[in-house]
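J.: Here it is, the structure, as C-alpha cells.
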Amino acid sequence: MMSAQKPLTILGIETSCDETAAAVYQDGSGVLSSTLYSQIELHKQYGGVVPEIASRSHLEKINPVVEQALSQANLTTAKEKKPGQLHAGLTTIDVIAVTNKPGLPGSLLVGVCFAKSLAWTLQKPLIGIDHLEAHIFSSCLENQVPFPHLCLAASGGHTALYIVYDFGNYHILGQTLDDAAGEAFDKIAKVLNLGYPGGPIIEKEAASVDFKDFFAYPRGSQNPGLDFSFSGLKTAVLYDLVKRNAYDLHSKKLLNTSEELKKQVSSSLLVCVSDIFKQKIERALKQHPDIKAVTFVGGVACNAYIKAHLKEICTRHKLPFFVPSPQYCGDNAAMVAFVGAYKARRNQVSDLFLDILK
Ligand code: KG4
Ligand code: ZN
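Taking the numbering used here, the leading residue of the sequence shown gets 3, the next gets one more, and so forth.
Structure below.
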C-alpha cells in the first residue's frame, strides 16, 4: 500500500476519442494543471469523429500536451528541459493513470503506449482507468459530493444513470439501448446542416426561440424503466421533417428549410431530451429513496437549459445538485488523474501488460 502520509501526485492521460488531454492531480491540493488539445476542427468537415484521423492526431499531440501539463503544474523549479531530456516535472510524479477503455481502439492505444513507456522509464506505477468511471467522479473534482448519489452521465458516446456508493463503487441503473444523448444532438444538427458538434449549436438555436416545444416529439413512454433510447427520437424528428416537406429520405438531403424551422426542431429536440432526463431521474429517485445528491456529468452537462431543469427537480426533492465546471464536463484528464489517485491509495495498480478495452 502506498504511504498514507505523503500526498500522491498523479499524471493523468486521456486519448479515448477526439481530445488529447493530460493533467496533474495531487491529493490534498487538487488539480495542479489540466491541458487539452481538441480535434474538433479536424473532424468538423466530416460531421463526426473519423477514427483514423483521431489516432494520428493523438500521436502528434500527446508529447506536447503532457509536457504542457507538467510545466503548468509547476512541480519543479528546474529550467525548461533540453531537447532529448525528460521533463524535470516527471521526477515529482508518483503514478501514471491512463484511460484504457472504452473508446476508439487506435486512439486509446496512443495514450496507453505513451503511459506505459513513461511508467517503465520512470519505474513508477501505471493505472488503467475506465473513461466512464472518470466521468462519474468528475463531479468530485471541485466538490465534496455525498454518497450514495445518483449520477446522470451524458456524452457523445454514452448515456447512463448510476447509483454511486463510494469512490470506485457504483452500480449502473440504466443506459442507452442505442444512441447517446449527445449523439442525437450531433446527428440532428448534421441533418439540419447546423455544424459539429451539434449539442452547443442546438442549444443556441433553441435559446433563440425561448426553448419552446413546437413539435412534441415522443418522450419514450414505451420505455418505462431506467434505460434510454435516443435513436427512436432521431427517427421521429426525421419523419416529422419529411411530413413538413423539409427532408428527402431517399437522397437523405434537407430540402428548402427555413432558419425558423431549424430553430423550432432544435428547441423541440432539446426540450424532449431534457424531459426524458427529468423523467428518468424522478423514477430513479423514487426507486432509491436513500440517494443524498444528484450529479450530471459528460459533455451534455454543459447544457444550461438541461442543467436548470435537473436542478429544479433536485430543489423539489431537497437534494444538492452538482455539475462539474464546463472544462471537466467534456473529456479531460483531470478526472482520469482523480480516479488514479484513489486507486493508487488502494494499490489497485496495473502492470505493463495493460491492454485497451478489456
Ligand atoms: O464528453 P464529451 O466531450 O465527449 C464524449 O465522451 O463523447 O461529449 C461530447 C458531446 C457531443 O455529443 C456534444 O454535442 C455534446 O457533448 N455537448 C452538448 C453541449 N456541449 C457539448 N450537448 C448539449 N448541449 C451542450 N451545450
Ligand atoms: Zn467522455
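Every residue, glycine too, gets a C-beta built ideally from N, C-alpha and C.
#1: Which residues in the same chain have their Cβ closer than 6 Å to the Cβ of Leu72, if we skip the five residues on either side of it in sequence?
#2: Could you tell me how far apart the beta carbons of Ser270 and Phe217 are, in whole angstroms, since I believe they sit closer than 8 Å?
#3: Got a sec, what are the start and stop residues for the beta strand (DSSP E) Lys103 sits in?
#4: Extract the residue ranges of the beta strand (DSSP E) inside the stretch 283-360, only unbroken runs of 3 or more that lie entirely within it.
#5: To the nearest whole angstrom, what separates the beta carbons of Phe324 and Leu154, a pair I think is in contact under 8 Å?
#6: Distance, Cα to Cα, Ala286 vs Asn102?
#7: With DSSP run on the structure shown, which of helix, strand or coil describes His151?
#8: Flag His45 as yes when its Cβ comes closer than 7 Å to any non-hydrogen atom of ligand 2, and as no otherwise.
#9: Can you have a look at His151 and say buried or exposed, based on whether 16 or more other CB atoms are within 10 angstroms of its CB?
#10: Should the stretch 34-49 be called in touch with the stretch 127-137, which here means at least 3 C-beta pairs below 8 Å?
#11: With distances taken Cα to Cα, identify the nearest neighbour of Ser141 among Leu106, Ala183, Pro220, Val296.
#12: Among Ser253, Ser59, Ala117, Ala182, which one has its Cα closest to the Cα of Val338?
#13: Rounded to a whole number of angstroms, what is the C-alpha to C-alpha distance between Leu257 and Asp181?
#14: If you draw a straight line from the C-alpha of Pro328 to the C-alpha of Val244, how long is it?
#15: Bridge partners for Leu256 per DSSP, in chain order?
#16: How is the alpha helix (DSSP H) around Glu185 delimited, first residue to last?
#17: Distance, Cα to Cα, Glu21 vs Leu111?
#18: Compute every distance between the C-beta of Asn305 and the non-hydrogen atoms of ligand 1, then say whether any falls below 7 Å.
#19: Measure the alpha-carbon distance for Lys214 versus Gln266 and round it to whole angstroms.
#20: Find the nearest neighbour of Thr178 within the set Gly197, Leu194, Ala156, judged by alpha-carbon distance.
#21: Who are the near neighbours of Thr17 in its chain, counting only those whose CB is closer than 6 Å to its CB and skipping five residues on each side?
#22: Is Phe232 near Ala183, with beta carbons less than 8 Å apart?
#23: Where Ile203 and Thr79 are concerned, what is the direct C-alpha to C-alpha distance, given to the nearest angstrom?
#24: Where does Ser35 fall in DSSP's three states?
T.: With the structure as the only source:
#1: Stepping through the sequence shown from its first residue, residue 72 is reached at position 70. The answer, listed in chain order, is His89, Gly91.
#2: Walking along the sequence shown from the start, residue 270 turns up at place 268. Walking along the sequence shown from the start, residue 217 turns up at place 215. Right, their Cβ atoms sit about 4 Å apart.
#3: Position 101 of the sequence shown, counting from 1, holds the residue named residue 103. 97-103 is the span of the beta strand (DSSP E), which, as asked, contains Lys103.
#4: Taking 3 residues as the shortest admissible run, the stretch 283-360 contains the following complete beta strand (DSSP E) segments, listed from N- to C-terminal end: 295-299.
#5: Taking the sequence shown and counting its residues from 1, the one referred to as residue 324 is at position 322. Taking the sequence shown and counting its residues from 1, the one referred to as residue 154 is at position 152. Incorrect: roughly 11 Å between the Cβ atoms, too far for contact.
#6: For the purposes of this step, residue 286 is identified with residue 284 of the sequence shown, where counting begins at 1. For the purposes of this step, residue 102 is identified with residue 100 of the sequence shown, where counting begins at 1. Between the C-alpha atoms of Ala286 and Asn102 there is a straight-line separation of about 30 Å.
#7: As a working note, residue 151 is residue 149 in the sequence shown. In the structure shown, His151 sits in a strand (DSSP, three-state: E or B).
#8: For this step, residue 45 is matched to residue 43 along the sequence shown. No, Cβ of His45 sits at least 7 Å from all heavy atoms of ligand 2.
#9: Working through the sequence shown from its first residue, we reach residue 151 at position 149. That one is buried.
#10: The stretch 34-49 vs the stretch 127-137: no contact.
#11: Taking the sequence shown and counting its residues from 1, one reaches residue 141 at position 139. Comparing Cα-Cα distances from Ser141 to each of Leu106, Ala183, Pro220, Val296, the minimum goes to Val296.
#12: Taking the first residue of the sequence shown as 1, we reach residue 338 at position 336. Ranking the options by Cα distance to Val338, first place goes to Ala117.
#13: Here residue 257 corresponds to residue number 255 of the sequence shown, with the count starting at 1. Here residue 181 corresponds to residue number 179 of the sequence shown, with the count starting at 1. Leu257 and Asp181 have their C-alpha atoms some 25 Å from each other.
#14: As a working note, residue 328 is residue 326 in the sequence shown. As a working note, residue 244 is residue 242 in the sequence shown. Going from the Cα of Pro328 to the Cα of Val244 covers about 36 Å.
#15: By 1-based counting over the sequence shown, the position of residue 256 is 254. Beta bridge pairing from DSSP links Leu256 with Tyr249.
#16: As a working note, residue 185 is residue 183 in the sequence shown. It spans 183-193 - the alpha helix (DSSP H) in which Glu185 sits, taken as one unbroken run.
#17: Locating residue 21 in the sequence shown gives position 19, where the first residue counts as 1. Locating residue 111 in the sequence shown gives position 109, where the first residue counts as 1. Taking the straight line from one Cα to the other gives about 14 Å.
#18: Translated into positions along the sequence shown, residue 305 becomes position 303. For Asn305, the shortest C-beta to heavy atom distance toward ligand 1 is below 7 Å.
#19: Working through the sequence shown from its first residue, we reach residue 214 at position 212. Working through the sequence shown from its first residue, we reach residue 266 at position 264. Taking the straight line from one Cα to the other gives about 8 Å.
#20: Counting from one through the sequence shown, the residue named residue 178 turns up at place 176. Answer by Cα proximity: Ala156.
#21: Stepping through the sequence shown from its first residue, residue 17 is reached at position 15. His60, Ser109, Val112, Gly113, listed in sequence order.
#22: Indexing the sequence shown from 1 puts residue 232 at position 230. Indexing the sequence shown from 1 puts residue 183 at position 181. In this structure, Ala183 lies closer than 8 Å to Phe232 by Cβ.
#23: Within the sequence shown, the letter at position 201 stands for residue 203. Within the sequence shown, the letter at position 77 stands for residue 79. Rounded to whole angstroms, Ile203 to Thr79 spans 43 Å at the Cα level.
#24: As a working mapping, residue 35 is identified with position 33 in the sequence shown. The DSSP-derived three-state label of Ser35 is strand.
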